[in-house]
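The numbers in the working numbering rise by one with no breaks, and the one at position 80 of the sequence shown is 80. All C-beta atoms, glycine included, are put in the ideal place defined by N, C-alpha and C. A quick note: this is a predicted structure, and the numbers were derived from the prediction, not measured.
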Amino acid sequence: MKPKVAFFDFASCEGCQLAVLNCEDILLDILGLVDIVEFREAMSETAPRFDVAFIEGSINREQDAERLRDIRARSTYLVAMGACACIGNVQARSNFIAPAENFQRVYGVEDRNMVQTDPEFWPLWAHTRVRAVKEIVPVDFELRGCPLVPEEFVHLVKALVTGATPRFSTQAVCVECKMNENECVYDQGETCMGQITRGGCKAICITNGYRCDGCRGILPHANLAAHHGLLQSKGLSEPQITNRYRLFCSAESLGRVGRTGHDK
Ligand code: SF4
Ligand code: SF4
Ligand code: SF4
């Protein structure tokens, strides 16, 4: 019996699902190993139970959390897929803004009092907080990155099918950056999140001429105080440093870096 696999999306750009579909050279091999029973991006069928549920997207509303709990209850393994599902991603920046203010900014409503009192509006924002999947249900595996790394997706599927233990990098992006023999961007007067960011992406951004912005999230053992001091020494202001930490890692950085409450 092939394992039954399903894909679900929440608040996301669907780029991680596309990254999976774009694994053209090995997709047929993968399809030979598993039975994909639900995948809105590619098919219309649904299924009652799954051996593996892949979850893309952050969880923003209570009805999304309920849907996620239902998927968890029907799954043997649950995989958070991409930065949105693993750490909240850029949309979690709204956690730092008062909900009514956020709604006002996004939808261009001029009267803030109306946002807070009009029953047409308040249900849309009153209970909204962007959360990573693991803040709501237990997660068995994470495929980090924005988007996920296709090789890690394939590695995980093969491990789940064969019963092997999947292995992901526990080192900083800097390690892979050095292995690629890149010149460090600090030597070019730039700054970088690579020292505190989980590796596994082969330092693709630096290798292609940019810096690391930290889309794979903060390493558990990262020395944030030292990194913060380094960014300060390079002339970044506190708001600039806060923005760097919050760009991708908003949900994960709550309570670890920067201010933890609403900005306003
Ligand atoms: S992690 Fe990035 S690519 Fe994947 S769904 Fe979220 S925004 Fe899109
Ligand atoms: S460029 Fe960034 S990831 Fe590469 S070595 Fe320097 S700090 Fe580390
Ligand atoms: S280099 Fe940094 S920003 Fe780029 S993919 Fe890797 S973790 Fe993400």
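Exposure of Thr170, with buried meaning 16 or more beta-carbon neighbours within 10 Å: It counts as exposed.
Leaving out five residues on either side along the sequence, give the residues of the same chain with a beta carbon under 6 Å from the beta carbon of Ser44. Closer than 6 Å at the Cβ level, and outside the excluded window around Ser44, lies no residue.
Is Asp213 near ligand 3, going by C-beta to nearest heavy atom under 6 Å? Yes; taking the cut-off as 6 Å, the Cβ of Asp213 has a heavy atom of ligand 3 nearer than that.
Straight-line gap, Asn223 to Ile196 (C-alpha atoms, nearest Å): Rounded to whole angstroms, Asn223 to Ile196 spans 7 Å at the Cα level.
Report buried or exposed for Ser237, applying the criterion of at least 16 other Cβ atoms within 10 angstroms of its Cβ. Counting Cβ neighbours within 10 Å, Ser237 comes out exposed, since fewer than 16 surround it.
Looking at Cys86 and ligand 3, is the gap between the Cβ and the nearest heavy atom below 6 Å? Every heavy atom of ligand 3 is 6 Å or more from the Cβ of Cys86, so no.
Tell me which same chain residues have a C-beta within less than 7 Å of the C-beta of Ser94, skipping the five on either side of it? Cβ neighbours of Ser94 beyond the five flanking positions: Asn102, Val130.
Going by C-alpha distance, which of Val154, Glu110, Ile36 is nearest Glu24? Across the set Val154, Glu110, Ile36, the C-alpha of Val154 shows the shortest separation from the C-alpha of Glu24.
For ligand 3, any of its heavy atoms closer than 6 Å to the Cβ of Arg216? Remark: the shortest separation between the CB of Arg216 and any heavy atom of ligand 3 falls under 6 Å.
If you measure between the beta carbons of Gly145 and Cys215, is that distance less than 7 Å? Yes, Cβ-Cβ distance for Gly145 and Cys215 is below 7 Å.
Selected residue, minimal CA-CA separation from Ser175, among Ala203, Leu219, Glu151, Lys158: Residue identity check: residue 175 is Val in the sequence provided, not Ser. Taking each of Ala203, Leu219, Glu151, Lys158 in turn and checking the Cα distance to Val175, the smallest one comes out for Ala203.
Cβ atoms of Leu231 and Ile308: under 7 Å apart, would you say? The structure shown has nothing for residue 308, since the chain only spans 1 to 264.
Where Tyr77 falls: helix, strand or coil (DSSP): Taken through DSSP and simplified to helix, strand or coil, Tyr77 comes out as strand.
Residues in the same chain with beta-carbon distance under 8 Å from Thr162, minus the five sequence neighbours each way, listed in chain order, please. Taking C-beta separations shorter than 8 Å and ignoring five residues to either side along the sequence, Thr162 has no partners in its chain.
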